[in-house]
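In order, the protein sequences belong to chains A and B.
Heads up: the first sequence begins at 1 in the numbering used here, then just goes up one per residue.
Heads up: the second sequence begins at 1 in the numbering used here, then just goes up one per residue.
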Amino acid sequence: MIEFIAHYLAPIMFTIVMGMLLIGYPIAFTLATGGLVFFFIGVELSIFAPEEIRLSYPLIQALPNRTFDIMRNDTLLAIPFFTFMGLILERSRIAEDLLDTIGQLFGPMRGGLGLAVIVVGALLGATTGVVAASVIAMGLISLPIMLRYGYDRTVATGTIAASGTLAQIVPPSLVLIVMADQLGRSVGDMYTAALLPALMIIALYASYIMLLAVFSPKSVPALPPETRTLGGGVTSLVVLLALAIGIHYGAYNFLFADWTYEWRFVASASTATAFALAVSLSNRALKLGVISRLTEQVVIVLIPPLALIFLVLGTIFLGIATPTEGGAMGAAGAIILAIMKNRLSLSLLKQALDSTTKLTSFVMFILIGARVFGLTFYGINGHIWIEELLTALPGGEYGFLTVVTIIVFILGCFLDFFEIAFIVVPLLVAPAETLGIDLVFLGIILGINLQTSFLTPPFGFALFYIRSIAPQEAWDDEVTGERIEGVRTGEIYRGVLPYIGIQVLAIAIVIIFPGLVMHYKGDVQNFNLDDVQINLPSLGGQNSDGSAIGLPGQPGGLGIPAQPGGLGLPGQPGGLGLPGGLNLNNTAPAVPGATAPAPQPSGLGLPGPLNLNNTPPVIQ
Amino acid sequence: MTILLRMSSWIDAVNAFIGKSVSWLILFAVMISAGNAVIRKVYDTSSNAWLEMQWYLYGAVFMLAAAYTLQRNEHVRIDVAVSGLSKRTRDWIDLFGHIFLLMPFVILMIWLCWPYAMNSWRSGEVSVNAGGLVLWPAKILLLAGFILLFAQGVSEIIKRWAIIKGIIEDDITTQHALPPIIEELESAADLETRMKHK
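Structure (structure tokens):
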């Protein structure tokens, strides 16, 4: 009996600790103590199954250092930055302004308001990564209008909830950062790889609304023209847009022709935007009447989000800032924006900081708990058990991806994405590598999965958010004076179903056409061939695919000299994102750097962030 | 019991003060991190000390605020299975959890972090990066975080016991009707007024 337990300790541990989580005590501590209990059981049973269990008491002394490594992780520092940015932005009412104007622009069209919500959701998603802020802002503004003019209430709530979750897949998103950290890939790669899939999902959402507009016009009615308080005048907007695109094209090909690709693109796009803004502002100030009020307003409200997108994504892609610094830039930008709009008060600032602190603290403690769990789980060969389980699946790569999608989808109904990312994702790295699946590719598929988990009833967070702001009881509309029924929870659930279907479709498309993601590698060969040759010598000739070194998505070499403990940190600029070589490099030094005299579980070389590279100087 | 409760409210006050104070460090971290990027671009120079400062501040925030987060009941739980149970049962689960899930981990971490931090302090450990910061205060932060968490655990056990015995009222509802962040948003934003306005 004891031998049986000893041999199958990994599955037993996994089942019991997951079961313990269900008693509803904070996950961080349950995981940690669960891991510790099995650590002691494992050590005691190790004589019965020396093959499987490679634990010994001195090994536990690795815990402080493992916790310390979490502390000095630069990548996860982006979590508080983006959260804080989202909270401040929510209060600066940028979403309200956007929806108001873009809603007026599209409103008189069938399905227009739905499209406006999707567009604004995408824009908000590209500025920050906080779903709650997007859903709340959009729900407050758009939901009453949609219900007032007879939108199908399932369509209205579903669209708002789903568009809010775009924040999780459109870079810069917290999901992608955490995923990069856990998979040991660079955040820049993740962002570049996520661009096309994110655009595809936005397009699929929009197509769904357009299909409804054609086949079920009653569910997405056009708004009456009088709701356009800014007046008509779409022609001048089209003209202005055409001019701006022309300027962008001209500047790109002639004015900045000899600059590097990224700078060229950003410089010409900025020029075009500056032109449109200049026209609009002078039109307003001098009352020129060249363009309509609608056009003027559309251009002016688009500026703050575009500026923020530039501050965050632009600086990251240009290599000016690391993803973490990009988050800080965005947070600083959000504060400046809120001050300019006179929306920042001391109490708001305190509240935002307080919320950010608590969120950061619980997230980081889940990670600490997961690491304690991991110490035991890897020490009893749990990762090998999982790897054998997942690589034995029929269908090889596709079988693996399908099963992982289904597992994460089911877990996503009950768990927050942080838990899935910290507990489940590290276990997927080894099997994925065995099957030859690119980790960034895996990360994007998991990212879309986790985005979906925000939508799945009954525990999708986006549903909570929309529930909290959708009126539950009937009310008299102040414009039409009609009685409008409250929104039932069942309606919200039904509303997100089509979007969950779209998400599943998106995952299938990405699996079938990996090129959507893998272009993150391909771009490199086109743009940075010279860099590759320059960098090659330092690589010791061990990588066959040196092409990834100068990825445009990575902040070049700028940050290298400055990163603490640079080598093991994922998401750091520099040569880290090398395909193939990375995990090997991480694992290999793990063994000599170990504390325990006992044989070291190779599991200590946890994917990516573990950094046993940091261990040697510290533990005696 | 009165003495214990007084001790508990004293611990709560200290941890709340620490938690709220360290939250300002996030603002510093934002400024330092954004500043690092700008300075590196504009002056083509960077300093390891300033780069390390980022994670130093971050580490201080989440380690020192963990106790405060526990006090505010914001460490996430999976309450799918237990949300239907009575308040009393959930109180017992909490008490059980504090004693058997929180405390063993925290005590072990204090026991392990003590020599870890002390050795670092005695040797005056400095970052291996050129011009980096001293490392031992960071390791002491680690220890301090777990000590604060231990104190908060004691306070939570006292409070939960008193609640079960009917001595005090539960001022924070154990069950979050909504995920924490939205409750924060609701209280931060004047959501009520904004909803009525529409």
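The C-beta atom is built at its ideal place from N, Cα and C for all residues, glycine as well.
Check                                                                                                                       : Outcome
For Ala78(A) and Pro305(A), believed in contact at Cβ under 8 Å, the rounded distance                                       : The Cβ separation is near 19 Å, so there is no contact.
Short Cβ contact (8 Å threshold) for Val510(A) with Ile445(A)                                                               : yes
Coil, strand or helix - Val301(A) by DSSP                                                                                   : helix
Contact set between Glu74(B) and chain D, taken where Cβ atoms lie within less than 7 Å                                     : Judged by its chain identifiers, the structure shown contains no chain D, and its protein chains are A and B.
Contacts that Lys139(B) makes with chain A (C-beta to C-beta distance below 8 Å)                                            : Pro64 and Phe68
Residues within the stretch 318-340 of chain A neighbouring chain B, beta-carbon criterion of under 7 Å                     : Ile320, Ala321, Thr324, Glu325, Ala328, Met329, Ala331 and Ala332
Residue-chain proximity (Thr489(A), chain B), Cβ-Cβ < 8 Å                                                                   : no
DSSP-derived helix/strand/coil call for Val476(A)                                                                           : The question names Val, but residue 476(A) is Asp in the sequence shown. Correct three-state label for Asp476(A): strand.
N- and C-terminal bounds of the alpha helix (DSSP H) containing Tyr8(A)                                                     : Counting along the chain, Tyr8(A) falls outside any alpha helix (DSSP H), and DSSP gives it neither H nor E.
Of the residues Glu482(A), Phe84(A), Gly326(A) and Gly490(A), the one placed nearest Pro171(A), counting alpha carbons only : Gly326(A)
Assumed close pair Ala421(A), Met138(A) - CB separation to whole angstroms, cut-off 8 Å                                     : Contact flag wrong, Cβ pair sits at about 25 Å.
Buried or exposed (CB count within 10 angstroms, at least 16 for buried), Asp12(B)                                          : buried
Other residues of its chain near Phe400(A): CB distance less than 8 Å, five sequence neighbours each side excluded          : Leu390, Thr391, Leu393, Pro431, Ala432, Leu435 and Ile437
Cβ of Ile384(A) within 8 Å of any chain B Cβ                                                                                : no
Per-residue DSSP class, three states only, for Val372(A)                                                                    : helix
Interfacial residues, the stretch 20-44 of chain B to chain A, with Cβ spacing under 9 Å                                    : Lys20, Val22, Ser23, Trp24, Leu25, Ile26, Leu27, Ala29, Val30, Met31, Ile32, Ser33, Ala34, Gly35, Asn36, Ala37, Val38, Arg40 and Lys41
Beta-carbon gap between Glu491(A) and Ala474(A) smaller than 8 Å                                                            : no
Check whether Val372(A) and Leu63(A) have beta carbons under 8 Å apart                                                      : yes
Option in Leu176(A), Ile336(A) and Thr456(A) with minimal Cα separation from Gly158(A)                                      : Thr456(A)
Opposing strand residues paired with Arg483(A) [DSSP bridges]                                                               : Asp476(A)
Element boundaries [alpha helix (DSSP H), containing Ala252(A)]                                                             : First, the amino acid is wrong: residue 252(A) is Tyr here, not Ala. Neither: Tyr252(A) is in no alpha helix (DSSP H) and is coded neither H nor E.
Beta-ladder partner(s) of Val134(B), from DSSP                                                                              : Val126(B)
Within the stretch 134-192 of chain A, ranges of the alpha helix (DSSP H) (whole runs, at least 4 residues)                 : 153-165 and 174-183
8 Å Cβ cutoff met for Gly153(B) and His98(B)                                                                                : yes
Chain A within 8 Å of Ala13(B), Cβ atoms only                                                                               : no
Rounded C-alpha distance that separates Gly622(A) from Gly184(A)                                                            : The shown model of chain A, from 1 to 620, leaves out residue 622(A), and the question about it has no answer.
Contacts of Gly59(B) in chain A (Cβ-Cβ under 8 Å)                                                                           : Met71 and Arg72
C-beta atoms of Arg494(A) and Arg93(A) nearer than 8 Å                                                                      : no
Which of helix, strand or coil DSSP assigns to Lys341(A)                                                                    : coil
Short CB-CB distance (under 8 Å) between Tyr249(A) and chain B                                                              : no
Nearest-angstrom Cα separation, counted from Phe461(A) out to Phe4(A)                                                       : 41 Å
Reduced DSSP secondary structure (H/G/I, E/B, other) of Asn381(A)                                                           : coil
Chain A residues whose Cβ lies nearer than 9 Å to that of Gln152(B)                                                         : Result: empty, since nearest Cβ-Cβ is about 12 Å, beyond 9 Å.
Integer Cβ distance of Leu214(B) from Ile168(B), believed to fall under 8 Å                                                 : Outside the shown range of chain B (1 to 198) lies residue 214(B), about which nothing can therefore be said.
Nearest-angstrom Cα separation, counted from Ala162(B) out to Phe36(A)                                                      : Just to set this straight, residue 36(A) is Leu in the shown sequence, not Phe. Going by the C-alpha atoms only, they are around 29 Å apart.
Contact check, Phe215(A) vs Glu262(A), beta carbons under 8 Å                                                               : no
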